[in-house]
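Our numbering applies: residue 22 is where the sequence shown begins, and numbers increase by one. Every residue, glycine too, gets a C-beta built ideally from N, C-alpha and C. None of the values given here were measured: they were computed from a predicted structure. Report on the structure given below.
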Amino acid sequence: MIVVIGTGLAGYLFSKEFRKQDANTPLMLLTKSDGYFYSKPLLSTALAYQRTPDQLIMNNLDTMREQLNATILRHVSVFKIDPRHQKIFFLDEQHREHHVVYTKLILANGADPVCIPLQGDGAKDVLHVNQLEDYRIFRDKIAGKKRIAILGTGLVGCEFTNDLIHAGYHVTMIAPDNTVLARLVPAAVGDVLKNAFEKAGVQFYLSVFPIIVQKKKSSYDIVLSNHQKIEADVILSATGIKPNVTLAKTASVKTNVGIVVNSYLQTSDHAIFAMGDCAEVNGEIKMTVAPILQQAKIVAHMMVDKKPVIENIISPIVVKTPLCPVVILPPPKEVMGEWKIETDGMHVKALFYDQKNQLRGFVLSGNKVKEKQAIIQKLIS
């Protein structure tokens, strides 16, 4: 039996690809969530498109069971893998222990929010949105409220900020960085997005850390490292996610930042594969849709003993910030080089060249995003 842990995009995309190759081999998916099929990237644009959490669901659990000819167990907690006997141990909703035996195991259990240390009686009320269930809570909490504080100015923080502004909320962004998207783009691009947000009414508190969250009657005070105090009705933490490696460690497979896999998504145990947000492929973690779809196809082929042809896909990150569109193709982490930047107001073209003057990455904003395909062609040629 093939067992998949996780019913996010990775788990379900693999299962669909596997069924194209093999219609009959028993397939089981285990998940701690509701098991609905939805697109996680749509969570940060749902307000703009006036969609409720339920409207983001593409298929319910029964439909997925039927489509995949699979057993799907939801609301279970997988706590141990025994690789020697190829068993998985989990607890059901009533905390009863069960185990299943696998022939091949796919870890698609995603990533967990990075939690910053906060003091105060309101710290436990800080929200994270990492899946549909979290988003339901977030939408319930912001209903009838106006002031939203977002901790973090990275990709997710920026996308939620844009969506909340569009829906009429007042947004405050708090981060230790000195601009937005600071870990992904040159400051010139971060600053144009920041300026677009400021024009739309976003307030920024940068180069500071939130330290304390104090509960008030119907709101919260956030005390910063510079002793400033900000009042908000709802606080959303968007300080990043980290691959979930806890379960993999019970199987003693190799882990680093993520679960270490080769180009075929195999871990150090050849019966166990990992993909999606939890997998570290040749030193990189791919958290966007296109690479995960490619991974799903690779693992599906491996399940039926077909060695897939692995293509090097170029998949830029499209930041969902219509106030100032941004497209990012980060250069490889190990590559040394420099950015060459052309700026015309909010329209920025930043190209990254290595030490041999080879183009290795780019960032585009404003109307420069139209040049994306032309630049990708240069990278391919």
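Beta-ladder partner(s) of residue i, from DSSP
i           : result
residue 253 : 241
residue 235 : 242
residue 276 : 280
residue 18  : Past the edges of the chain, shown from 22 to 402, lies residue 18, and the structure says nothing about it.
residue 193 : 170, 224
residue 54  : Paired residues: none, contrary to the question.
residue 183 : The partner list for residue 183 (beta bridge, DSSP) is empty, contrary to what the question assumes.
residue 111 : 99, 119
Beta-carbon contacts of residue i that lie in its chain and below 8 angstroms, excluding the five residues immediately before and after
i           : result
residue 10  : In this structure the chain extends from 22 to 402, so residue 10 is not present and cannot be described.
residue 128 : 26, 27, 268, 269, 280, 288, 293, 294, 295, 296, 299, 300
residue 219 : 225
residue 221 : 186, 344
residue 311 : 334, 336
residue 249 : 226, 229
residue 74  : 67, 153, 156, 157, 160
residue 206 : 347, 349, 371, 384
CB contact flag (residue i, residue j, <9 angstroms)
i           : j           : result
residue 316 : residue 302 : yes
residue 344 : residue 183 : yes
residue 246 : residue 232 : yes
residue 96  : residue 114 : yes
residue 60  : residue 77  : yes
residue 55  : residue 262 : no
residue 258 : residue 148 : yes
residue 179 : residue 364 : no
residue 131 : residue 242 : no
Neighbourhood of residue i by C-beta distance below 6 angstroms, restricted to the same chain and skipping five residues each side
i           : result
residue 224 : 193
residue 373 : 352, 358, 360, 381, 382
residue 290 : 104, 274
residue 329 : 319, 322
residue 244 : 232, 233, 250
residue 368 : 387, 388, 389
C-alpha gap between residue i and residue j, whole angstroms
i           : j           : result
residue 43  : residue 327 : 12 angstroms
residue 309 : residue 229 : 29 angstroms
residue 323 : residue 140 : 47 angstroms
residue 236 : residue 169 : 15 angstroms
residue 377 : residue 356 : 11 angstroms
residue 99  : residue 276 : 18 angstroms
residue 40  : residue 284 : 22 angstroms
residue 174 : residue 124 : 43 angstroms
residue 195 : residue 22  : 47 angstroms
residue 208 : residue 200 : 7 angstroms
residue 253 : residue 190 : 11 angstroms
residue 212 : residue 350 : 18 angstroms
residue 116 : residue 314 : 34 angstroms
residue 126 : residue 88  : 20 angstroms
residue 109 : residue 52  : 13 angstroms
residue 34  : residue 85  : 11 angstroms
residue 238 : residue 171 : 20 angstroms
residue 37  : residue 31  : 10 angstroms
Best match in the options for proximity to residue i [C-alpha to C-alpha]
i           : options            : result
residue 286 : 253, 331, 252      : 331
residue 45  : 90, 264, 350, 198  : 90
residue 181 : 346, 64, 37, 23    : 64
residue 348 : 376, 314, 356, 386 : 386
residue 370 : 377, 392, 378, 145 : 392
residue 166 : 188, 149, 176, 216 : 188
residue 101 : 73, 368, 379, 266  : 266
residue 354 : 108, 363, 251, 375 : 375
residue 93  : 397, 253, 314, 121 : 121
residue 340 : 177, 130, 72       : 177
residue 389 : 398, 399, 346      : 346
residue 58  : 69, 35, 29, 36     : 29
residue 282 : 304, 38, 198       : 304
Own chain, CB closer than 7 angstroms to residue i, minus 5 neighbours either side, in chain order
i           : result
residue 278 : 264, 301, 306
residue 397 : 335
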